[in-house]
Every structure is written in structure tokens, then in C-alpha cells.
Ligand SMILES: *Cc1c(COP(=O)(O)O)cnc(C)c1O
Ligand SMILES: *[C@@H]1O[C@H](CO)[C@@H](O)[C@H](O)[C@H]1NC(C)=O
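In my numbering, the protein residues as written are 9 to 733.
Dropping the structure here:
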């Protein structure tokens with residue numbers, strides 16, 4: 009443990025000295041000194057308002073303003089910019105414009121760049137070094153209208169046959185390569201409003217300390233220790249046993265900003281929202297963009313929409329969260345989380361993540377980490393232990409398709425508890441962690457569901473579901489919806505509560521349990537009671553859970569951050585296996601969430617009846633949500649059911665539900681049979697490929713001995729990571 013702690017401390021020190029903009033307090037004292045000698049550089053497409061906004065911002069901050077078009081280019085060329093473009097053509101224009109910018113020097117000014125400056129790499133690098141690049145992100149429709157009004161009919165790079173929309177779309181990637189902060193402009197925002205947003209964005213940039221994190225169990229005032237995003241991602245659990253939450257809650261978007269997002273793709277929505285939630289000095293928007301596009305574009309979700317919403321019946325919609333590589337909603341978080349994790353790690357250590365699983369987490373974690381590349385891949389690995397007899401055939405095949413490199417699964421001839429206990433024991437043994445640190449420079453870590461980097465990406469798809477309904481004309485922005493979620497650890501549900509905090513008009517979060525109904529009982533009574541409640545088998549194993557860890561974040565939320573209460577309740581849960589929250593809080597809980605549970609028979613019956621009515625086949629978890637939504641939702645607004653897994657993942661129960669008798673032996677054939685019984689959704693491409701490839705390979709099976717598992721850990725480290733010299 010000693011070495012581990014030394015690692016954390018070193019990490020904090022490294023983070024501090026790496027911070028590119030030390031946020032010294034004196035910068036914040038007045039607006040005029042907001043930037044010191046730095047420039048504030050406004051960047052964006054033609055018609056974004058850079059010149060006008062630049063003047064207003066400069067006036068407010070009492071700074072000089074420079075317009076590159078008027079003050080630099082026209083003076084250099086001694087002719088209007090449009091005339092120059094007409095005279096020399098686009099390519100030559102960009103070169104000369106870039107050369108002029110390379111010779112430009114100023115400090116402490118507001119600088120309005122030209123729309124095409126960001127296309128010139130050397131010039132842009134030069135100006136970026138002089139200050140903060142603020143991207144005025146204005147919607148394409150607005151730009152097209154403004155340019156028409158300004159009678160601009162040609163911009164740089166516009167060749168015959170290309171529409172203005174095409175060019176603006178193409179340009180966006182350049183703006184997103186250079187920005188330090190984005191200002192999301194809503195349709196109809198005035199120049200004054202945009203200028204105010206610019207000032208706020210700069211203030212935010214310089215006040216990283218306003219976006220720290222606290223443990224649900226720590227009194228806000230009691231600690232001077234600052235915990236940043238990177239600390240939270242690496243540590244997972246707070247040292248006092250609590251869960252991390254943002255100290256100052258979530259940022260809120262207004263209706264005009266949300267409407268901008270309605271026109272965007274899923275990755276674009278994710279980028280804008282996560283930029284708002286993660287401080288740009290913790291993860292720069294440019295790096296965040298790379299990670300998000302890796303997670304949701306390159307990873308090849310089987311739907312390009314990533315998390316599409318489909319109409320089911322009446323006022324019910326399903327959001328399909330199973331198009332990721334391993335076919336459960338966990339991919340939405342776990343395609344991104346490993347990249348954030350690797351990004352936040354200190355450079356001097358290797359990290360091996362240990363996971364014990366009996367379900368969907370295993371394959372999702374393996375897939376996410378196996379997609380790391382370059383040095384991240386050599387420094388960051390994952391080893392999954394699962395019970396040889398304790399997972400479904402398909403889950404096993406999905407996991408064992410990862411057997412080498414930095415992501416591996418091995419099974420154990422024992423149960424889930426043994427795997428879990430062994431992992432915990434490895435973390436607890438200072439001898440082992442010391443040995444691994446000294447011999448291999450490797451630290452053991454976890455990636456469990458309480459990690460902030462797993463919760464945060466989920467806020468995006470709840471927002472996205474609402475935006476899809478707006479885009480498709482089902483609702484107008486502002487009208488409420490309900491969401492219904494099959495709940496285990498309450499992570500998915502908690503992220504819906506957070507989406508609501510950001511301004512998505514979710515009326516009720518409806519939690520659905522199976523017959524292991526701890527969460528439902530808690531929400532309906534305020535009592536959490538684990539006494540004499542053995543876990544019962546079910547058709548929806550991913551929500552078979554007794555201790556629902558994210559409930560702690562929810563109680564913290566509804567009690568307005570009463571950390572003493574949270575501390576007391578969870579100490580009581582540990583000692584006495586139960587707690588009861590105070591009466592008034594129960595009312596507060598029920599204003600936000602409803603809950604119900606579904607029997608095993610009702611679950612299978614729902615799969616059958618939905619298939620009969622609509623042709624659509626749901627997995628067992630989605631069916632649990634369907635049953636509970638039917639019972640609790642009043643029909644006065646749309647309800648979105650979270651479809652958390654593809655039906656193929658839980659094939660045996662779905663065969664039973666659909667009363668299909670001749671079940672093929674081969675898992676690939678099973679999926680084909682199910683697909684032929686469904687009008688939708690289609691077979692899952694990624695799952696199919698994985699089964700086809702892994703079907704006939706063996707995998708490592710360990711004896712149920714602690715020392716054997718430790719040996720696996722060491723083997724993996726030796727094979728994967730560079731030894732410390
Ligand atoms: C993990 C999982 C759940 C439960 O999600 P929580 O965030 O723990 O509530 C539900 N359905 C499926 C298919 C899962 O894999
Ligand atoms: C992505 O999906 C397409 C279409 O199914 C497939 O041809 C391609 O090989 C996939 N790419 C990766 C990287 O898996």
C-alpha cells in the first residue's frame with residue numbers, strides 16, 4: 009500500500025506541474041486582468057460574429073481589439089480581402105494569409121481571426137501560443153442565413169459544386185483542432201449574449217478549482233484538498249469509502265443550446281456535453297474529441313446513430329443501448345472510459361485493472377481496453393476473472409475472444425464470490441503490490457461501476473434520447489418525458505437524474521427491478537434492508553443485485569449533499585445490514601423517481617406479447633422495464649424504455665419466452681434462429697463476429713486457488729508490460 013500511496017502523491021505533484029495555465033488567483037481579481045498578457049483569440053466560420061463579438065468583449069474587458077481581416081490583412085495587402093481572394097484564388101490566398109499571420113505579434117488583445125486562419129497549421133500554432141482560442145460554435149443554418157444577408161457568396165475553399173453547408177461541415181474539424189474552449193451559440197443568441205458567454209467561458213477556463221469533486225461522505229467545508237477529474241478517474245472510490253460527485257453540481261444548458269444539439273450526431277452531442285462537464289484543463293477539448301470519436305465512431309457501433317430511439321407502441325419508445333461491440337449498454341461508457349483512464353494516468357507507472365465479473369461488464373471492459381493504442385496499450389491492461397460455470401455460454405465466448413495483448417479473460421473453477429474475494433485480497437496485500445511495483449512498475453487498479461468516468465458518458469444517451477424525440481417532432485423542447493430503466497447498481501438511473509440536472513425535461517425516472525427488488529423497496533419505503541434476503545436467480549441477471557452502490561450518490565443528491573447523513577446511513581448498512589432514510593427525504597426521493605418490480609413470469613410474457621403485437625423482440629432486462637412502465641406510467645407524456653442489452657445476449661430465456669422448442673446447439677445458429685423470429689432489431693454484427701471467431705478456441709481455466717490467480721496476474725504483467733529498467 010505504501011508504494012501505491014507514493015504513486016498517488018507523485019501523481020498529484022506531476023499533475024500540478026504539468027498544468028499548462030497555472031490558475032493563479034490574481035488573474036481572477038478583475039475582469040481586465042482576466043488574461044494578463046495573453047490574447048483572447050476568437051475563432052469560427054465566416055458569419056459567426058467574430059468581429060462584432062470581439063469588439064463587445066474588448067470593450068467590456070477594457071482591452072484593445074484587433075481584427076485580422078481589417079487590421080492585418082488589408083493593411084499588408086493594401087486591398088480588400090475579397091479582392092485578394094478573387095485575384096489569387098483560394099490556395100494562394102490561404103498561403104499568403106498564413107504568412108501574414110505568422111508575422112503577427114500582439115499581447116493582451118482581443119483578436120478576431122478570419123474564418124480560414126485555422127486551415128493554416130503553422131500560422132495557427134503561432135497564434136495559439138500567444139493566447140486562448142475561443143471557438144464561436146454557431147449553427148450552420150444561422151451562418152447560411154447571415155451570409156446571405158451580408159451578401160457573401162463565396163468563402164475560401166468553396167469550389168464549384170460545393171454547397172455552403174458542405175464547406176461549413178468540412179471546416180468544423182479545423183476549428184475543433186485548435187480550440188481551447190467552445191462557446192455554444194444558440195439559434196437567436198444576440199451578439200451581446202454571445203459576448204457574455206465568451207467572458208464566462210474564459211472565466212471558467214481560468215477557474216479550474218471551481219470544478220473539483222467531493223466524496224459523498226465528506227463535509228464540503230472540512231477539506232482543503234482539491235480533487236480534480238483525473239484524481240477521481242484514477243482513484244475510483246474516495247479514501248473515506250464514499251463516491252465522488254462534482255462539488256458544484258452539473259452545468260446547465262438553456263433551451264436554445266439544447267436545440268443546437270438536436271441537429272447533431274451522437275458523437276457531436278457527446279463532445280459538447282462532456283466539454284461542459286469536464287474542465288478543459290483536466291482534459292483538453294481537442295483530446296476529448298479524439299477519444300469520443302474513437303469510442304463512438306471508430307469502434308463501429310452496429311447502428312451509426314449509436315443509441316437510436318425507436319417507437320414501440322402508443323406513447324412508448326425504446327432507446328437501443330446495445331449497438332456497441334459487446335451488445336450491452338455498458339459499451340456506451342466502457343468504449344470511452346479506458347481512454348480517459350489512460351489519459352489521466354501518471355506517466356511513470358503501468359496499470360493493470362483487475363475485474364471479477366459474472367456478466368456484461370467483463371466483455372465490455374475487455375473490448376474498451378483492448379482498443380487502446382500506442383503507449384497507452386503497453387501501460388494499461390485488464391485481466392478479467394470469471395466463474396467457469398457462472399456465466400452464460402454467449403457471455404463466455406465474448407470474454408474468451410480476448411486472450412492476449414493488454415486485455416485477457418481467464419476463468420476460474422469456482423464461483424463469482426471467489427473471484428471477487430481473490431481480487432480484493434490482491435489489492436489488500438502490501439507485499440504483493442510492493443513486489444509488482446518494484447519488479448514491474450505496475451499498479452493494480454479497478455474499473456468498477458462506481459467510477460465517475462463510467463457514469464458521466466451515460467448522461468449523454470439520456471440527453472440524446474430526448475433530443476431525438478425533439479428532432480423527430482414527437483415533442484417540442486420543454487415538454488416532459490419519462491424514462492424507464494432496468495436497475496441494478498442504479499448507475500444508469502443516476503445518470504438520467506444528472507441529465508435532468510443539465511436541463512433535460514425528464515419528469516420521472518422510473519426504476520424497474522426484477523424479483524430481487526432492493527431498489528424498488530427502497531424507493532417506495534425509504535428503507536434499505538439486506539437482512540435475510542438471499543439473491544434469487546432470475547432471467548435478468550444483470551440487475552440481480554443486493555447492494556446498489558450508486559444509491560449513495562442519489563441519497564447525496566436528494567439530501568442536497570448532506571454528507572453526515574450519507575456517512576451515517578452507509579455505516580449503519582455495513583454494521584446492521586439496513587437503514588431507513590428520514591420521512592421528508594422519502595417524499596423528495598419519490599418526486600424524482602418511481603419504482604416497480606416485475607416477476608419472472610411477467611418478464612417472459614412481456615417479451616412474447618410485444619413480439620406478437622409489434623414483431624419487436626426485447627431482451628429480458630428491457631422486458632422488465634416494459635412491464636413496470638405499463639404499470640406505473642400514466643400515458644400523459646412519452647416514455648423511453650432503456651433497452652440495455654440485445655436479445656441475443658440472453659438467448660435461452662428469450663427462446664423460453666417465445667416458446668421456441670428446437671433450439672440449435674451452436675450459439676451462432678441460436679442467434680440466427682432468434683433473428684428469424686423477430687422483425688427487429690437485427691442480429692448484432694459485433695456479437696455474431698465474435699462468436700464466429702472465438703467458437704473453437706480454448707481459454708485458460710484456473711484452479712480455485714489464490715496463488716494460481718496471482719500467478720496469472722504476474723504472467724500477464726510479464727507478457728504485456730515493459731519491465732522497469
Ligand atoms: C449492468 C446492466 C444493467 C444494470 O445497470 P445499472 O447501471 O447497474 O443499474 C441493466 N441491464 C443490463 C443488460 C446490464 O448489463
Ligand atoms: C465495421 O463494420 C463494417 C460493416 O459491417 C465491417 O465491414 C468492418 O470490417 C468493421 N470494421 C471494424 C474495424 O470492425
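The beta carbon of each residue, even a glycine, is placed where N, CA and C say it ideally should be.
Query	Result
Anyone know if the C-beta pair for residue 520 and residue 470 falls short of 7 Å?	no
Which residue's Cα is closest to the Cα of residue 71: 544, 62, 101 and 78?	62
In chain order, what are the residue ranges of uninterrupted alpha helix (DSSP H) at least 4 long that sit wholly in the stretch 288 to 327?	293 to 301
I'd like to check one pair, residue 337 with residue 652: are the Cβ atoms closer than 7 Å?	yes
Starting from the Cα of residue 461, find the closest Cα among 104, 640, 497 and 346 and give me that residue.	346
Can you name, in chain order, every residue of its own chain whose Cβ lies under 7 Å from the Cβ of residue 734, other than the five neighbours on each side?	This structure does not reach residue 734, given that the chain is present from 9 up to 733, and the question cannot be answered.
Which first and last residues belong to the beta strand (DSSP E) in which residue 588 is found?	586 to 588
Cβ of residue 496 within 6 Å of any heavy atom in ligand 1?	yes
Can you list, in chain order, the residues of its chain with a C-beta nearer than 8 Å to that of residue 424? Leave out the 5 residues immediately preceding and following it.	364, 365, 366, 394, 395 and 398
Assuming the contact rule is C-beta atoms closer than 8 Å, residue 52 and residue 183 should be a hit. Round their C-beta distance to whole Å, please.	7 Å
Buried or exposed for residue 389, please, with buried defined as at least 16 other CB atoms from any protein chain shown within 10 angstroms of its CB.	buried
By the three-class DSSP mapping on this structure, what secondary structure does residue 578 have?	helix
Ligand 1 heavy atoms versus the CB of residue 550: any closer than 6 Å?	yes
Span of the beta strand (DSSP E) holding residue 518?	514 to 521
Quick check: what's the CA-CA separation for residue 497 versus residue 278?	23 Å
Evaluate the contact criterion for the stretch 286 to 298 versus the stretch 598 to 618: three or more CB pairs, one atom per stretch, below 8 Å.	no
From which residue to which residue does the beta strand (DSSP E) around residue 393 run?	388 to 395
If I measure Cβ to Cβ from residue 78 and keep anything under 6 Å in the same chain, skipping five residues before and after, which residues do I get?	none
Relative to ligand 1, is the shortest distance from any of its heavy atoms to the C-beta of residue 546 smaller than 6 Å?	no
Does the Cβ of residue 137 lie closer than 6 Å to at least one heavy atom of ligand 1?	no
Using the beta-carbon count (16 or more within 10 Å), is residue 54 buried or exposed?	buried
Go through its chain and collect everything with a Cβ distance to residue 458's Cβ below 7 Å, but skip five positions before and after it.	244, 245, 251, 557 and 558
What are the partner residues of residue 358, as DSSP defines its beta bridges?	450
In the structure shown, what three-state DSSP assignment does residue 286 receive?	coil
So for residue 737, helix, strand or coil by DSSP?	Here the chain comprises residues numbered 9 to 733, so residue 737 is not present and cannot be evaluated.
Please name the residue or residues paired with residue 139 in a DSSP beta bridge.	47
For residue 636, count neighbouring Cβ atoms within 10 angstroms of its own Cβ and tell me buried if that reaches 16, exposed if not.	buried
Note down the Cα distance separating residue 422 from residue 700, rounded to an integer number of angstroms.	27 Å
Taking C-alpha atoms, which residue in 541, 146, 518 and 676 lies nearest to residue 199?	146
For residue 710 versus residue 409, is the C-beta spacing smaller than 7 Å?	no
Note down, in chain order, each residue of its chain lying with its Cβ closer than 7 Å to the Cβ of residue 508, except the 5 sequence neighbours on either side.	514
Going by DSSP, which residues form a beta bridge with residue 100?	Residue 100 is not bridged to any residue.
Among 540, 543, 598 and 584, whose alpha-carbon lies nearest the alpha-carbon of residue 565?	598
Sort 685, 326 and 416 by Cα distance to residue 492 and report the nearest one.	326
Which same chain residues end up closer than 7 Å to residue 716 when comparing Cβ atoms and leaving out the 5 residues on each side of it in sequence?	710
Indicate whether at least one CB of chain D lies closer than 7 Å to the CB of residue 125.	Looking at the structure shown, chain D is missing, and only one protein chain is on hand.
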